[in-house]
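In our numbering, the protein residues as written are 225 to 577.
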Ligand SMILES: Cc1ncc(COP(=O)(O)O)c(C=O)c1O
């Protein structure tokens, strides 16, 4: 099959999807951030663009809206009446799923994995947790945050109990071995990017995305390759180190290729993961995280969160400083949302106040 955005759209047409997001999201230039970096470096930098997926609607938006449109589509096609989902305490995925479930009249169970140690009451009760409650989600607590297998096992036992009670649960896991339906959302985003360009092409020389569960990274990379774009897609690690994230992205890419029946489209060498801005672990801030929050706010009135989007923006800034985009005209940063977590991290963002 041809590699064009139309051919990609044809692959997506007809797949179950619940349309709740506000699309297309805007595409904007970050002129003041680019000028700041250019002045600092004493040389021109490419135009820096931002895809405002933080404005995708549904309970403050973010990348999870695109992903969940397809997961809830699959859940509805399977006749499910209950969403069962796991994530970090401050998971945007769970909050967005709880919102979808509320809107669609489904019951929602969320498993809060305690992945970040030493956090206080604001972390455990505010931000996304507050919204989960507001959307009527039933909460389950899981203390062993970084044990991904045990979290999935526990989630399975919650679903089994619900089944015994006569419910029709649908598991929203993000584990690397499940059918990567969530990645379809970012393939749809690729089609949208082509549609937004005046010339109907992809005017960006490079793309920067966060890489966590990898649904955004895999969907963007595979979608772009299926649409015929060959430029680099930089995945900025937000949870795992670059080596294990590269393995994860590659294996989910293979599953996604299988799911679409498109054959092996993405060569291994196209999977780029950088962990330079991850810090010591998931959800822990470092200097570059603070700097990204500060520059985004002061120069662009953009809100980035400490767990995901400040780290991916720190990646964009760091790669620009390191000359990774030298000679390029336009670079795209995909802003994936995360706003509610800011309130749960207030004292980590401003520790002296
Ligand atoms: C705001 C935000 N950005 C980025 C990510 C990472 O995206 P992905 O899980 O698709 O790799 C997440 C994941 O939870 C998120 O909530």
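Just so you know, even glycine gets a beta-carbon here, dropped at the ideal spot from N, CA and C.
No experiment lies behind these values; they were computed from the predicted model shown.
- Taking the C-beta atoms as reference points, residue 548 is found no nearer than 8 Å to residue 499.
- The alpha-carbon of residue 418 is positioned some 29 Å away from that of residue 531.
- Taken in chain order, the complete beta strand (DSSP E) segments of 3 residues or longer contained in the segment 310-396 are 331-337, 362-366 and 393-396.
- The segment 506-516 makes contact with the segment 528-547; the number of CB pairs closer than 8 Å reaches 3 or more.
- Residue state for residue 402 is assigned as coil, using DSSP reduced to three classes.
- Straight across, the Cα-Cα distance linking residue 399 with residue 230 is about 30 Å.
- By the C-beta density criterion, residue 277 is buried, having at least 16 other C-beta atoms within 10 angstroms.
- The alpha-carbon of residue 454 is positioned some 9 Å away from that of residue 445.
- Taking the Cβ of residue 288 as the reference point, at least one heavy atom of ligand 1 falls within a distance shorter than 7 Å.
- At least one heavy atom of ligand 1 lies closer than 7 Å to the C-beta of residue 529.
- Closest by C-alpha distance to residue 480, out of 405, 559 and 260, is 405.
- Around the beta-carbon of residue 266, fewer than 16 other beta-carbon atoms lie within 10 Å, marking it exposed.
- Here the alpha carbons of residue 358 and residue 332 stand approximately 12 Å from one another.
- Per DSSP, reduced to three states, the secondary structure at residue 505 is coil, with no helix or strand assignment.
- Assigned with DSSP and collapsed to three states, residue 467 falls in helix.
- Per DSSP, residue 253 lies in no alpha helix (DSSP H) segment; the continuous beta strand (DSSP E) that holds it begins and ends at 251-253.
- Closest in alpha carbon position to residue 565, among 346, 460 and 225, is 346.
- Leaving aside the five residues that flank residue 383 on each side, the residues in its chain whose CB is nearer than 6 Å to its CB run, in chain order, 308, 393 and 395.
- Within the chosen limit of 7 Å, ligand 1 does not reach the beta carbon of residue 468 with any heavy atom.
- Non-local beta-carbon contacts of residue 412 in its own chain, meaning distances under 7 Å to residues more than five positions away in sequence, involve 236 and 290 in chain order.
- Just measuring C-alpha positions, the residue of 577, 573, 560 and 436 sitting nearest residue 284 is 560.
- In the three-state scheme derived from DSSP, where H, G and I count as helix and E and B as strand, residue 458 is classed as strand.
- Between the alpha carbons of residue 258 and residue 544 lies a gap of roughly 9 Å.
- With respect to residue 554, residue 456 sits apart: the two C-beta atoms are not nearer than 8 Å.
- The segment 238-286 is shown to contain whole alpha helix (DSSP H) runs of 4 or more residues at 255-265, in chain order.
- Take the alpha-carbon of residue 293 and the one of residue 228: they are about 23 Å apart.
- DSSP places residue 449 inside the alpha helix (DSSP H), whose first and last residues are 439-450.
- Taking 4 residues as the shortest admissible run, the segment 519-576 contains the following complete alpha helix (DSSP H) segments, listed from N- to C-terminal end: 533-545, 565-568 and 570-573.
- In this structure, the beta-carbon distance from residue 366 to residue 244 does not fall below 8 Å.
- For residue 227, the three-state secondary structure derived from DSSP is coil.
- Residue 280 has its CB no nearer than 7 Å to any heavy atom of ligand 1.
- Judged by DSSP in its simplified three-state form, residue 435 adopts strand.
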